[in-house]
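Peer 1: One point on numbering: in numbering that gives the first Met the number 0, the residue at position 9 of the sequence shown is 8, and numbering is uninterrupted. From the three backbone atoms N, C-alpha and C, an ideal C-beta is built for every residue, glycine too. In this text the structure is predicted, and so the values were computed from the model without any measurement. My questions all concern the structure below.
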Amino acid sequence: MKILVAEDDFASRRFLAKFLSQFATVDITVDGVEALDAYLLAEKDNSPYDLICLDIVMPKVDGVEVLKSIRDYESSKGIMPDKRVKIIITSALHETHLVQKSFEFGCEAFITKPIDTEKLIEVMVKLGLIKA
């Protein structure tokens with residue numbers, strides 16, 4: 000399995016990368032532009048990500064726009080919904096409109112910070128990424 004962590008906060012980025020490394024190879028990006036570049040490069044190399052943990056508030060391009068861009072790309076390439084990358088939005092924000100927008104654009108889950116590792120595992124199991 001291959002995971003991308005897109006997170007601008009150093010502590011959150013390090014925590015997620017270390018925790019998720021027990022399940023997969025983890026790549027890290029620090030802003031929305033890097034996240035999109037990493038996603039597109041992985042697609043081009045025919046080595047797509049299975050999961051992206053995507054922070055909503057990031058420099059350059061925010062997580063909601065990254066999510067929308069990824070889903071638009073997948074649609075343009077004819078990638079069926081069951082084959083597209085799973086995206087978990089992570090945020091310290093509790094703003095309802097951002098959560099709603101994230102689900103409208105196609106995220107699979109929304110997890111608030113600080114990250115509860117048991118909740119993250121539960122979501123990954125539900126998405127079929129790991130076994131219970």
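#1: Do you know offhand how far D115's Cα is from S46's?
#2: Need the endpoints of the alpha helix (DSSP H) that V124 sits in, please.
#3: My guess is that S90 and I51 are in contact by the Cβ rule of under 8 Å, so how many angstroms apart are they, rounded?
#4: Going by Cα to Cα distance, which pick from I87, F109 and V98 is closest to L3?
#5: Look up K1 in the DSSP assignment and say whether it is helix, strand or coil.
#6: Using three-state DSSP, classify I78 as helix, strand or coil.
#7: Less than 6 Å between C-beta atoms, sequence neighbours within five positions excluded: which residues of the same chain meet that for K85?
Peer 2: Put simply:
#1: 29 Å
#2: Looking at the DSSP string, the run of the alpha helix (DSSP H) that includes V124 is T116 to K125.
#3: That pair is no contact at about 14 Å.
#4: I87
#5: strand
#6: coil
#7: L50, E107 and L126
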